[in-house]
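All residue numbers for the sequence shown refer to the working numbering, where the first residue is 16 and numbers rise by one.
Yeah, the Cβ is synthetic: ideal placement off N, Cα and C, and Gly gets one too.
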Amino acid sequence: MEILDSYERFMAKFNINKEDLYQFGISETILPPIDLVAQNWEDLKKRIFNNGDVKIRGYGRDAKGTEFYLGLYKHLFNNTNVKKDATNNIEPQKIISRLTGYKRNRNLFNYQVSHIFGKTKNIFLFEAPWNIALVPKLIDPFTGHETKGVWPIEYQEKFYSYSSEIYKEFIEEYNHLISDTNIIEGITDYIDNIKKQTAMSKEVLQFERDVIGELSIIEISLTCSPKTSPDRELEIW
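Next comes the structure, spelled out in structure tokens:
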């Protein structure tokens, strides 16, 4: 039986070169100016370490597990002002709109917000301006969780390589921050404490598995997507 891939058949039907399409997706992705990225990254770090307002994405079914992360950040940074984003998307949209000048359905159409490196429950990365991009919706088939086969793998490798090169200094700084001994030991202490309080419930055990990936380094790679990410796909909203 012949193996069929609808993407491949579509491209052949309309004589579209695969590499041209990949390049279109990358070149048409909108990233903030690097100077504004640097300024807003500094602002985010100050808020994290000085009990400022910071948003993260909800965790677990109906976001009921988000409290685990909020408690963790209170434990690690003494920050009591970390909150779940109301829709899991409002803050990233505001950030990318403010930094690029583009607002969806006003002067920008058929683009969507993407977290390049994922890790959206991570206090450093949900609002990190170097982790947020506007991606053409036309490229969604190559970025989503539901797409299978070689096409999304190839595209994501190219996109991660492109993004890693642009944001290398910010990724390296983040990796240094998240690898701090106090953070690593603090995560362990926090998990041990909630295990005692909850008799090691299945929710806590799942959180323990998830948080290790969520608060991990981003592997800078100019040839492949980050191996430390819990899910390889771009996080699209």
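Following the continuous alpha helix (DSSP H) through residue i, name the residue where it begins and the one where it ends.
i           : result
residue 47  : No alpha helix (DSSP H) contains residue 47, which DSSP labels as neither H nor E.
residue 18  : First-last for residue 18: undefined, no H or E at that position.
residue 227 : 217-229
residue 41  : 33-42
Considering only the beta carbon of each residue, do residue i and residue j sit closer than 7 Å?
i           : j           : result
residue 73  : residue 99  : yes
residue 179 : residue 138 : no
residue 69  : residue 62  : yes
residue 223 : residue 206 : yes
residue 96  : residue 65  : no
residue 71  : residue 141 : yes
residue 154 : residue 40  : yes
residue 91  : residue 198 : yes
Between the options, which has its C-alpha nearest residue i's C-alpha?
i           : options            : result
residue 42  : 177, 218, 195, 212 : 177
residue 134 : 16, 190, 219, 31   : 190
residue 156 : 17, 22, 192        : 22
residue 104 : 119, 91, 92        : 119
residue 20  : 122, 166, 151      : 166
residue 122 : 149, 106, 107, 101 : 149
residue 193 : 106, 226, 174      : 226
residue 102 : 78, 181, 117, 152  : 78
residue 107 : 124, 25, 136, 175  : 136
Which stretch, first to last residue, makes up the beta strand (DSSP E) that contains residue i?
i           : result
residue 163 : Residue 163 -> no beta strand (DSSP E), and no H or E assigned at all.
residue 71  : 69-71
- Taking one C-beta from the region 224-233 and one from the region 188-202 each time, how about it: are there three or more such pairs within less than 8 Å? yes
- Specify whether the region 45-60 and the region 78-87 touch according to this definition: at least 3 beta carbon pairs, one from each stretch, less than 8 Å apart. no
- Is there contact between the region 107-115 and the region 45-54, where contact requires at least three CB pairs shorter than 8 Å? yes
- In chain order, each alpha helix (DSSP H) run of at least 4 residues that lies wholly inside the region 78-157: 81-92, 105-115
- Query: Are three or more beta carbon pairs between the region 135-147 and the region 182-189 nearer than 8 Å?
  - Reply: yes
- Task: State whether the region 119-138 contacts the region 29-38, with contact taken as three or more CB pairs (one from each stretch) at a distance under 8 Å.
- Result: no
- Item | Segments assigned alpha helix (DSSP H), at least 4 residues, entirely inside the region 171-196 | The region 171-196 contains, as complete alpha helix (DSSP H) runs of 4+ residues, the segments 183-193 (chain order).
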